[in-house]
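Chemist:
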Amino acid sequence: MTSEGAAGPPAAGEQLELVRAGARRKPAARAAEGLAEVDPVALVAVEVGLPHLDRPFEYSVPASLAETALAGVRVKVRFAGQDVDGFVLERRAQAEHAGRLAPLRKVVSPEPVLTPATLALCRAVADRYAGTLEDVLRLAVPPRHATAEKALAAEPPATDPLPAPDPVPWEAYPAGPSLLRRIAEGQAPAASWLATPTSDPARDWPAALAVAAATALSAGRGALLVVPDHRDVDRVDAALKTVLGPGRHVRLTADQGPQARYTAWLKVLRGHVRVVVGTRAATFAPVRDLGLVAWWDDGDDLHDEPRAPYPHVREVLLARARLEGTAVLSGGFTRSVAVQQLVEAGSLRPVVGAPADLRRAAPRVQVAGEGSDLERDPAAAAAHLPSAAWRAAKAALERGPVLIQVPRRGYVPSLSCQTCRMPARCSHCHGPLALVAADAPPVCRWCGKGVQAFDCPHCHGRTVRAGVVGARRTAEELGRAFAGVPVHTSGAGDVLASVAGRPSLVIATPGAEPVAEGGYAATLLLDAWALLDRPSLDAAPEAERRWLAAAALTRGAADGGLVVLCGAPLHTTLPAIEALVRWDPAWFAARELAERRELRLPPTVAMAQLVASRRALADALEHTSLPEGVERLGPLPASVGGPAAGAARRGRGPAPARPGGSARAGETDAVAPERMQLLVRGPLADGPALASAMAALKAVRSARKEKESVTVRMDPSEGIG
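Reminder that position 202 of the sequence shown reads as 285 in this note's numbering, one-by-one numbering, no gaps.
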């Protein structure tokens, strides 16, 4: 064959040989590059997005990348004919694969962003929730921002030692000083803390969390504080600045810009700071020498990750505490059923206030029905308030602001027939009807069509009534009933952080209540039945949690604070209402846990929820081996729910779209009507085996390239009411 560049035209056959040789030249040149002398094999977690490929792959390390392709760095590798991202998990001297290894393409950044502790936590979370390592790594490590990497100093600045903080916020709890002492000594206590309500910023729950974090920092260890939303982050952030001083902590939230978030995350990774406060986005923050993990109000569904594998902040931080040997602090005004189970098992020790202090600090609670005395209180009837609630608000406005908690946002989000009380439905798509304004006709919440002439299909009634009154309609009615009193609204799209201590009415949806200077003189909790009647397993605990959160913003009984629960039945006593009146969330959590244990409901059993079409569910289970003793429940039509729906119920997120239809702007897709759900239930001890079986189910379907996916959620909170 004529060599390249030789004189004379080559023969036809020789020309073909040259073409083939040229096509091979580039790989041959790559193969000619020498490999790293030390540990020439890299184990890489490749971002391929396929459950059946949830394992590391071996690549050779070129000599040019030997100093930068270290464990934890981001790399580019060749996989299935494409350049894909990945993380180097470790370097090895020998490969397990007998054939030739493909080389690493490049090191994206020499920053070791995946620490061994983070990797171990991600693997544990993936196993716990039947997910893949890639899914959890996406939650744990934020996207790279090159400018942030270059702008931040590599070495942490020198700081003076922090003295032990003043334990003032914890003096109200008999076990508080002991908890702080053990944290300061580097031990790993685990506590369930029921906070005592107070209007003193120096003693409230953000200050207590800040003191606990400062105690860990003064002992030379780090602290991680996770709260539900940005308003809670603001409060804890302000408390940390007061206790720690400037520059000793960062905040990590999903709503930060890419550069700001990555800069804060790098400060933690490089050891510039060792205290972090944030939302669930901060759960995996790589805090050095971690000594304390704490979360606030784990019953809030903002702690539920809406992306696969759907981990909960509580479970991630508990796993992290076990792996890193840290102290655990679960705080809230109430106690979730899952935390109560840990308390009864001895995994968490209760930290509560003295009964006498709690009686003085908590407001007095009064239960009112739905009726109003038109002759005695015409203004109460106009405001659609029970007479007792209207009189309480009128008296409290002479002393300060009054909070009115409304279960739903909007104007009138729920309508029913005036004659037979059946829910009013759209004749076009059968969606629920609502009012968006006083002079507007009813509108379907699914398809958006207006209804000019309502005709009830059950009784042929022509008029509608309000099923639930929204925040805007309540504001209008109360503004007329209390003429001259300023009215503030706080809800989705416009959440107030705080209000002044002057007399005013504050109408807020659950979770959006602003903090009042000096506390609210009175709080009205409207439409109690709307929260208790939700078709959810957590309806009663969620109602109690929302009520206590609002009541905790009210002045104590010693200062005349009053909470009026409206719309609750007077002829019987419900456990959630009794817990509010007695301010005894521990009793209610214990009762709820006992009932679930008897009925074999989460968290007393291991449970997985599978959502797909009936055919896909049958096919998935046919090719899956479930543990012995596992029980199948269903399949039944899947319910509309989940984290997005939960956020909408609180008034802090978008409303779910019409099932089976496309979402309008700002809405979230819901489960289609034809999709079914299957619950798989087994003993709590079989939880790891059940999670492994669910992971295998997804891997098998992925390997078979099934077109329809099966959504798997461990420990479901929605759809099992």
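Note that the Cβ used here is the ideal one computed from N, Cα and C, for glycine as well.
Measuring only the C-alpha atoms, how far is Ala-472 from Ser-419?
Modeler: As a first step, residue 472 must be located in the sequence shown, where it is residue number 389. As a first step, residue 419 must be located in the sequence shown, where it is residue number 336. Their Cα atoms are separated by approximately 29 Å.
Chemist: Does chain D have any CB closer than 8 Å to the CB of Pro-438?
Modeler: This model lacks chain D altogether, as it is built from one protein chain only.
Chemist: On the three-state DSSP scale, how would you describe Gln-165?
Modeler: The residue given as residue 165 occupies position 82 in the sequence shown. Gln-165: strand per DSSP, three-state reduction.
Chemist: Mind checking Asp-577: buried by the 16 CB within 10 Å criterion, or exposed?
Modeler: Here residue 577 corresponds to residue number 494 of the sequence shown, with the count starting at 1. Classification for Asp-577: exposed.
Chemist: Output needed for Arg-108: all residues of its chain with C-beta closer than 7 Å, excluding positions within five of it in sequence on either side, in chain order.
Modeler: As a working note, residue 108 is residue 25 in the sequence shown. With a pLDDT of 44 at Arg-108, under the threshold of 50, the modelled position of this residue cannot be trusted; read the value that follows with caution. Counting only Cβ-Cβ distances below 7 Å, and skipping sequence neighbours, we find nothing.
Chemist: Do you know how far the Cα of Val-356 is from the Cα of Pro-239?
Modeler: Here residue 239 corresponds to residue number 156 of the sequence shown, with the count starting at 1. Here residue 356 corresponds to residue number 273 of the sequence shown, with the count starting at 1. Roughly 8 Å separates the two Cα atoms.
Chemist: Nearest CA to the CA of Ala-321: which residue from Gln-339, Val-359, Ser-301, Gly-340?
Modeler: Here residue 321 refers to the residue found at position 238 when the sequence shown is read from its first residue. Nearest of Gln-339, Val-359, Ser-301, Gly-340 to Ala-321, Cα basis: Val-359.
Chemist: Taking 8 Å as the cut-off, decide whether the C-beta atoms of Pro-525 and Ala-517 are in contact.
Modeler: Numbered from its first residue, the sequence shown carries residue 525 at position 442. Numbered from its first residue, the sequence shown carries residue 517 at position 434. In this structure, Ala-517 lies closer than 8 Å to Pro-525 by Cβ.
Chemist: Measure the CB-CB distance between Ile-266 and Thr-298 and report whether it falls below 8 Å.
Modeler: Taking the first residue of the sequence shown as position 1, residue 266 is located at position 183. Taking the first residue of the sequence shown as position 1, residue 298 is located at position 215. Closer than 8 Å, so yes.
Chemist: With a CB to CB cut of under 6 Å and the five nearest residues on each side skipped, what residues in its chain are close to Glu-714?
Modeler: Position 631 of the sequence shown, counted from the start, is the residue given in the question as residue 714. Only Arg-764 meet the Cβ criterion.
Chemist: Can you list, in chain order, the residues of its chain with a C-beta nearer than 6 Å to that of Ala-748? Leave out the 5 residues immediately preceding and following it.
Modeler: As a first step, residue 748 is located in the sequence shown; it is residue number 665 there, counting from the start. Any reading at Ala-748 needs caution, since the residue's pLDDT is 34, under 50, leaving its predicted position unreliable; the model's value is listed next. Within the same chain, Ala-748 has no close Cβ partners at all.
Chemist: Report, in whole angstroms, the separation of the C-beta atoms of Gly-374 and Arg-304, which I expect to be a contact under 8 Å.
Modeler: Residue 374 sits at position 291 when you count from the first residue of the sequence shown. Residue 304 sits at position 221 when you count from the first residue of the sequence shown. Between Arg-304 and Gly-374 the Cβ distance is about 3 Å, and since that is below 8 Å, they are a contact.
Chemist: With hydrogens ignored, establish whether the beta-carbon of Ala-152 is closer than 7 Å to any heavy atom of the ligand MN.
Modeler: For the ligand MN, the structure offers nothing, since it holds no ligand at all.
Chemist: By Cβ distance below 8 Å, which residues in the same chain neighbour Pro-484 in space, the five residues on each side in sequence not counted?
Modeler: Stepping through the sequence shown from its first residue, residue 484 is reached at position 401. Excluding sequence neighbours, Pro-484 sits near Val-582, Ala-583, Gly-584, Arg-585, Pro-586, Ser-587, Leu-588, Val-589, Ala-599, Tyr-603, Ala-604.
Chemist: Grouping DSSP H, G and I as helix and E and B as strand, with all else coil, what is Pro-506?
Modeler: If you number the sequence shown from 1, residue 506 lands on position 423. Note: Pro-506 maps to strand in three-state DSSP.
Chemist: Going by DSSP in three states, Lys-159 sits in which element: helix, strand or coil?
Modeler: The residue given as residue 159 occupies position 76 in the sequence shown. Correct three-state label for Lys-159: strand.
Chemist: Hey, could you find the ends of the alpha helix (DSSP H) Pro-260 is sitting in?
Modeler: In the sequence shown, counting from the first residue as 1, residue 260 sits at position 177. From DSSP, the alpha helix (DSSP H) with Pro-260 extends over 259–267.
Chemist: If we count the other Cβ atoms within 10 Å of its Cβ and call it buried at 16 or more, is Gly-182 buried or exposed?
Modeler: Walking along the sequence shown from the start, residue 182 turns up at place 99. Gly-182 should be labelled exposed.
Chemist: Assuming Ala-152 and Leu-187 make a contact with CB atoms under 8 Å, what is their CB distance in whole Å?
Modeler: As a position in the sequence shown, residue 152 is number 69, starting the count at 1. As a position in the sequence shown, residue 187 is number 104, starting the count at 1. That pair is a contact at about 6 Å.
Chemist: Answer with buried or exposed for Cys-542, where buried requires no fewer than 16 other C-beta atoms within 10 angstroms of its C-beta.
Modeler: As a working note, residue 542 is residue 459 in the sequence shown. Exposed, since its Cβ has fewer than 16 Cβ neighbours within 10 Å.
Chemist: Closest to Gly-477 by CA distance: which of Gln-424, Gly-712, Val-647, Ala-659 is it?
Modeler: One-based indexing of the sequence shown puts residue 477 at position 394. Residue 477 is actually Lys in this sequence, not Gly. The shortest Cα separation from Lys-477 among Gln-424, Gly-712, Val-647, Ala-659 belongs to Val-647.
Chemist: Let me confirm a value: Gln-165 is counted as buried when at least 16 other C-beta atoms fall within 10 Å, else exposed. Which label applies?
Modeler: Position 82 of the sequence shown, counted from the start, is the residue given in the question as residue 165. Counting Cβ neighbours within 10 Å, Gln-165 comes out exposed, since fewer than 16 surround it.
Chemist: Can you give, in chain order, each stretch of the alpha helix (DSSP H) that sits fully within the region 620–696 and has at least 4 residues?
Modeler: With a minimum length of 4 residues, the continuous alpha helix (DSSP H) runs that stay inside the region 620–696 are 622–634, 658–665, 668–682.
Chemist: Exposed or buried, Ser-619, counting other C-beta atoms within 10 Å across all chains shown (16 or more means buried)?
Modeler: Along the sequence shown, read from residue 1 onward, the residue named residue 619 stands at position 536. It counts as buried.
Chemist: Which residue comes first and which comes last in the alpha helix (DSSP H) that contains Glu-232?
Modeler: On the sequence shown, position 149 is the one that residue 232 refers to. Residues 229–234.
Chemist: For Val-793, which of Arg-787, Ala-786, Ala-479, Lys-781 has the nearest alpha-carbon?
Modeler: Within the sequence shown, residue 793 is the residue found at index 710, counting from 1. Cα-wise, what sits closest to Val-793 is Lys-781.
Chemist: Going by CA-CA distance only, name the one from Ile-487, Pro-193, Ala-343 that's closest to Ala-632.
Modeler: Taking the sequence shown and counting its residues from 1, the one referred to as residue 632 is at position 549. Among Ile-487, Pro-193, Ala-343, the Cα nearest to that of Ala-632 belongs to Ile-487.
Chemist: Using the Cα positions of Gly-354 and Val-370, report the straight-line distance between them to the nearest angstrom.
Modeler: Numbered from its first residue, the sequence shown carries residue 354 at position 271. Numbered from its first residue, the sequence shown carries residue 370 at position 287. Distance between the alpha carbons of Gly-354 and Val-370 is about 8 Å.
Chemist: Rounding to the nearest angstrom, what Cα-Cα distance links Asp-798 and Leu-480 in this structure?
Modeler: In the sequence shown, residue 798 corresponds to position 715, counting from 1. In the sequence shown, residue 480 corresponds to position 397, counting from 1. Each residue's alpha carbon lies about 45 Å from the other.
Chemist: Three Cβ pairs or more, each shorter than 8 Å: is that satisfied between the region 288–295 and the region 421–435?
Modeler: Not touching, per the Cβ criterion.
Chemist: Could you pull out every residue in the same chain whose Cβ sits closer than 7 Å to the Cβ of Val-224, ignoring the five residues on either side in sequence?
Modeler: What you label residue 224 is simply residue 141 of the sequence shown in a count that begins at 1. Once the five neighbours on either side are set aside, the close Cβ partners of Val-224 are Val-196, Leu-197.
Chemist: Locate the alpha helix (DSSP H) running through Trp-253, then write down its first and last residues.
Modeler: Within the sequence shown, numbered from 1, the residue matching residue 253 stands at position 170. Run containing Trp-253: none; DSSP gives neither H nor E here.
Chemist: Name the residue from Arg-617, Glu-141, Ala-623 whose alpha carbon lies nearest to the alpha carbon of Arg-174.
Modeler: Here residue 174 refers to the residue found at position 91 when the sequence shown is read from its first residue. Of Arg-617, Glu-141, Ala-623, the residue nearest in Cα terms is Glu-141.
Chemist: Three-state secondary structure (DSSP) at Leu-222?
Modeler: Numbered from 1 along the sequence shown, position 139 holds the residue referred to as residue 222. Helix at Leu-222.
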